[in-house]
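Protein sequence lines, in the order shown, are assigned to chains A and B.
Residues are numbered in my numbering as their position in the first sequence, beginning at 1, plus a constant of 28.
Residues are numbered in my numbering as their position in the second sequence, beginning at 1, plus a constant of 15.
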Amino acid sequence: MNVQGLALPAAWLAVIALFGALEPDTFLTSANLQSILGSQAVLVVVTLGLLFPLCAGDYDLSVASTLTLAAMIVALLNARHGWPVVPAILVAVAAGLLVGAVNGALVTLLELESLVVTLGSGTFVSGVTLWISGSNTIGGISDNLVNPVIAWDLLGIPVSFFYGLVLCAIVWLVLDHAPAGRRLLFTGRGRDVARLSGVRVGRMRFGALVASGGIAAAAGVLYAGTTGSADPTSGAGFLLQGFAAAFLGATSIAPGRFNAWGTLIAVYFLATGVTGLQLVGLESFVQDLFYGAALIVAVALPRLVGVATQPHSP
Amino acid sequence: MGRDRIAVALEAGGIAKRFAGVNALAGANIDIRAGEVHGLVGANGSGKSTLVKVLSGYHAPAQGGRLSVRGRAVRLPLSPAGARELGLRFVHQDLGLIPSLSVAENVCLDELATARPRWISDRRLRRRAAEALAPLGLDVDPGRRVTSLGALEAALVAIARAARDQPAVLVLDEPTRFLPATERERIYELVAEAATRDSGVLLVSHDLDELARVADRVTVLRDGRTVATLDARATTAGELAALIAGGGSGMPRRRGPADAPRGGEAVIVEDLHGRVVCQLSLRLARGEVVGLTGPAGSGFDEVAYLLFGARRARAGRLHLDREFDLATMTPARALRAGIGLLPATPAHVRAVGSLTLADNVMLPRLDRYPRRYGLALDGRRLSADARALLLGHGVAPADPQAPFATLSGGNQQKALIGKWLAMEPALLLLDEPLLGVDARGRVELSAQIRALAARGTAVLCATFEPDLLGDLCDRFIAVPGGQQA
Chain A
29 MNVQGLALPA AWLAVIALFG ALEPDTFLTS ANLQSILGSQ AVLVVVTLGL LFPLCAGDYD
89 LSVASTLTLA AMIVALLNAR HGWPVVPAIL VAVAAGLLVG AVNGALVTLL ELESLVVTLG
149 SGTFVSGVTL WISGSNTIGG ISDNLVNPVI AWDLLGIPVS FFYGLVLCAI VWLVLDHAPA
209 GRRLLFTGRG RDVARLSGVR VGRMRFGALV ASGGIAAAAG VLYAGTTGSA DPTSGAGFLL
269 QGFAAAFLGA TSIAPGRFNA WGTLIAVYFL ATGVTGLQLV GLESFVQDLF YGAALIVAVA
329 LPRLVGVATQ PHSP
Chain B
16 MGRDRIAVAL EAGGIAKRFA GVNALAGANI DIRAGEVHGL VGANGSGKST LVKVLSGYHA
76 PAQGGRLSVR GRAVRLPLSP AGARELGLRF VHQDLGLIPS LSVAENVCLD ELATARPRWI
136 SDRRLRRRAA EALAPLGLDV DPGRRVTSLG ALEAALVAIA RAARDQPAVL VLDEPTRFLP
196 ATERERIYEL VAEAATRDSG VLLVSHDLDE LARVADRVTV LRDGRTVATL DARATTAGEL
256 AALIAGGGSG MPRRRGPADA PRGGEAVIVE DLHGRVVCQL SLRLARGEVV GLTGPAGSGF
316 DEVAYLLFGA RRARAGRLHL DREFDLATMT PARALRAGIG LLPATPAHVR AVGSLTLADN
376 VMLPRLDRYP RRYGLALDGR RLSADARALL LGHGVAPADP QAPFATLSGG NQQKALIGKW
436 LAMEPALLLL DEPLLGVDAR GRVELSAQIR ALAARGTAVL CATFEPDLLG DLCDRFIAVP
496 GGQQA
């Protein structure tokens, strides 16, 4: 790994040191550490799912809507209709896979721009969520879901953090070490090269969008478990945060490539920064400032230092 | 100005350019007169395109080159805008038209891009476009979209656009390469017409018969140097071919046909119809290296792509170990059937420059590697095999983790040929395999391709320049020109 790949982890440590010095009594506490690590599992999962289409050269702007839909399905089936947790989760994940499959079919069969297709499908899915929820927040999700997401802990850290960690390891194996990951990379960087080397490019792109839909739904299940409820709008913020973390992660560990560990570090770097800024007294708007600026810095940085991370081949 | 004095449109001398230690140009000279059609020929890698790119301001030449345009000395290197201001206009192979815009918008693109009109009037644009097209006898509705034009009309529009303000020199880079022979006549008329208006025309071409018909003079490049400038009308195509190939190419003479095992006819292509090529049938034996050539417009250059499924054939059958319908062929299916294809150009379909050599050369073979945990590739073995492959094909430096783009053109070609040779395909399709490779590299690559054939692979090499492959191929098949799709 080169020096550039270590810039983000170094920046993370610098942020920790900065806020540790400014607010030693609140920032450098195990409660705060647990809160930062535990609260970000949803963002970690949804962003890891996003890496698949980004690697394949496609955007998926529907992930946040899919996440919210899945959370709402779990809440409705479990809290309102009294379903057990497991079948409710399966239905929610199936819904996510379906959204991904529709996206994938439109993008590969009709050869449409993924950016536009997922913008449309994401908005459509948001409408569905509002419709099935009657625009209400649905609470009262069973402890059978809430406990394994936030109440249980391991070494004092909420267990949801470890879900994100496990998924990160799996995504890392697939993207960096499985043949499918290599093919996905060529699909994104040189679609014709991939095609002429026997890669079924359409199938790769379809699979990537299905994966991001399914994983976004899994993130939605975690989200429902984290809050014990689902509301039809609050998941929207994960879209920008996910893209910010994915692009920022692509400047790290393996610079120039969307990668799992870089993404994980980026999520926690961003969360640490936001938490620190809030602890020194800034209000919640700082989150938007920080994530929005981070996304732009993440895509501008490689241009300025001369490494290409753009998901689309030139 | 006296009419008796010959006006020189452009004069360039001592133009040199090195890429990664290889001389692409080593002192090229050319002078183009006003009102003449001047041919530029040379083998692949002789420096034609580099010379054109120096003139268009894309490449900066080495110190010491001289250039004058319309008798005025110009400082090198040029910028693209500088080349424009001097009156140099270029039509590249891809024509540079924007398909989704109208003919009028394309023709007036320069004005739209550079001028700052307060108001763009469609009617005015169309009138200006019609003014550009009419003198060249082109009857195309300026309101039509470029996508609705045929290949010939598109080429004519691109040439008319470049010729419209009487440029000092109009450079045409193989404008007929993708046209059937029957449609090339209109291009020649347009080229001659452009030259009568006191512009010099530089016509880059592979087709010697074509040059003999339209060019006044021809400049021959070889190994980056100008070998001769000749009166085209007093020179035969054969004489030109000899100048292009040069004397001793340093290659061993053709070996006897005995050293390759001869099986039955392993590859049979029947009744192939493509975009240009029509009702073509071919037979190749196992272990045979066959050159496929023909005049521009014969469609021989699309055959490899049709057999691989990279381009969809209208009809055709391929017998390998079993029969394939070429109308439904895909690259993935071809690869499973043991077919490999190395495209000639453009670069972005050959490899991904930002990814590593190992990734690029091992891509078609990932399935053959055992997985750990049923998932992860053995990266160390992959890397070791990639290094062995690169060393075995004389790629320098043989660093599997280096980005592909850091290699020189010749080494890239060696690596890519190695990628396909290592697959041990039953049928290997090569498009201009020795393109841009120096004489020594050609000998090495030829030997490697021969060695593969000796192990039973049938190899088909498409080329515009059979002379370059004379020592590689057992025999040549020429696709006749003049076929109409």
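Each residue gets a CB set at the ideal place from its N, CA and C atoms; glycine is no exception.
Contact list for residue i against chain A, beta-carbon separation under 7 Å
| i | result |
| --- | --- |
| Asp-512(B) | Nothing can be reported for residue 512(B): it is not among the residues displayed for chain B, which extend from 16 to 500. |
| Pro-9(B) | For chain B, the structure presents residues 16 to 500; residue 9(B) sits outside this window and is missing. |
| Val-364(B) | Asp-220, Val-221, Leu-224 |
| Leu-350(B) | Gly-226 |
Proximal chain B residues relative to residue i, where beta-carbon distance stays under 7 Å
| i | result |
| --- | --- |
| Val-177(A) | The premise fails here: Val-177(A) is roughly 27 Å from chain B at the closest Cβ pair, so nothing lies under 7 Å. |
| Arg-233(A) | Within 7 Å Cβ-Cβ: nothing; Arg-233(A) doesn't reach chain B, min ~14 Å. |
Contact list for residue i against chain B, beta-carbon separation under 8 Å
| i | result |
| --- | --- |
| Leu-345(A) | Residue coverage of chain A in this structure runs from 29 to 342, which leaves residue 345(A) outside it and unanswerable. |
| Arg-331(A) | Per Cβ cutoff of 8 Å: no residues; Arg-331(A) is ~14 Å from chain B at best. |
Neighbour-count burial assignment, residue i, 16 or more Cβ in a 10 Å radius
| i | result |
| --- | --- |
| Val-374(B) | The sequence as given places Asp at residue 374(B); Val does not occur at that position. Its Cβ being crowded by 16 or more others within 10 Å, Asp-374(B) is buried. |
| Leu-137(A) | exposed |
| Arg-343(B) | A small fix is needed here, since residue 343(B) is Thr in this sequence, not Arg. When all chains shown are included, Thr-343(B) counts as exposed. |
| Leu-487(B) | buried |
| Ile-117(A) | buried |
| Asp-171(A) | exposed |
| Phe-313(A) | exposed |
| Val-144(A) | exposed |
| Asp-109(B) | exposed |
| Thr-57(A) | exposed |
| Thr-151(A) | exposed |
| Thr-254(A) | buried |
Coil, strand or helix - residue i by DSSP
| i | result |
| --- | --- |
| Val-84(B) | strand |
| Asn-60(A) | helix |
| Ala-230(B) | coil |
| Phe-297(A) | helix |
| Ala-183(B) | coil |
| Asn-175(A) | helix |
| Pro-418(B) | strand |
| His-334(B) | strand |
| Ile-202(B) | helix |
| Asp-53(A) | coil |
| Leu-140(A) | coil |
| Phe-286(A) | coil |
| Ala-273(B) | Residue confidence for Ala-273(B) is low, a pLDDT of 39 falling below 50, so the modelled location carries little weight; the figure read from the coordinates is stated next. In this structure, Ala-273(B) counts as helix in the three-state DSSP scheme. |
| His-205(A) | helix |
| Pro-92(B) | coil |
| Phe-479(B) | coil |
| Thr-308(B) | strand |
| Glu-26(B) | strand |
| Arg-268(B) | Because Arg-268(B) carries a pLDDT of 39, less than 50, the predicted location of this residue cannot be relied on, and the following value inherits that uncertainty. In the structure shown, Arg-268(B) sits in coil (DSSP, three-state: anything other than H, G, I, E or B). |
| Glu-317(B) | helix |
| Gly-425(B) | helix |
Where residue i meets chain B, residues with beta-carbon distance less than 9 Å
| i | result |
| --- | --- |
| Phe-214(A) | Val-367, Leu-370, Asp-374, Asn-375, Leu-378 |
| Val-73(A) | Correct list: empty, because the minimum Cβ distance to chain B is about 19 Å. |
| Val-202(A) | Leu-390, Ala-391 |
Beta-carbon neighbours of residue i, restricted to chain A and to distances below 9 Å
| i | result |
| --- | --- |
| Ala-147(B) | Chain A residues near Ala-147(B): none, gap ~31 Å exceeds 9 Å. |
| Pro-358(B) | Asp-220, Leu-224 |
| Ala-325(B) | Asp-220, Arg-223, Leu-224 |
Chain C within 8 Å of residue i, Cβ atoms only
| i | result |
| --- | --- |
| Ala-129(A) | No chain C appears in this structure, whose protein chains are A and B. |
The region 48-58 of chain A contacting the region 246-261 of chain A, beta-carbon criterion three pairs below 8 Å:
no
Members of the region 86-108 of chain A near chain B, C-beta cut-off 8 Å:
none
Contact between the region 309-326 of chain B and the region 348-358 of chain B: three or more CB pairs below 8 Å?
yes
Could you list the residues in the region 249-269 of chain A with a C-beta less than 9 Å from some C-beta on chain B, going in chain order?
none
Chain A contacts made by the region 390-408 of chain B, where a contact means CB separation under 8 Å
Leu-390, Ala-391, Leu-392, Gly-394
Okay, do the region 160-177 of chain B and the region 192-211 of chain B touch, 3+ Cβ pairs below 8 Å being the bar?
yes
Any C-beta of chain B within less than 9 Å: which residues of the region 178-197 of chain A qualify?
none
For the region 228-236 of chain A against the region 207-218 of chain A, are there 3 or more C-beta pairs whose distance is under 8 Å?
yes
Okay, do the region 60-67 of chain A and the region 75-87 of chain A touch, 3+ Cβ pairs below 8 Å being the bar?
no
Under 8 Å, with one C-beta from each stretch per pair, do the region 187-197 of chain A and the region 123-143 of chain A reach the 3-pair mark?
no
Residues in the region 106-119 of chain B with C-beta within 8 Å of chain A's C-beta atoms, listed in sequence order?
none
Say whether the region 60-71 of chain B touches the region 37-44 of chain B, bearing in mind that this needs 3 or more beta-carbon pairs closer than 8 Å, one atom from each stretch.
yes
Counting beta carbon pairs with one atom in the region 270-283 of chain A and one in the region 104-121 of chain A, are three or more of them shorter than 8 Å?
no
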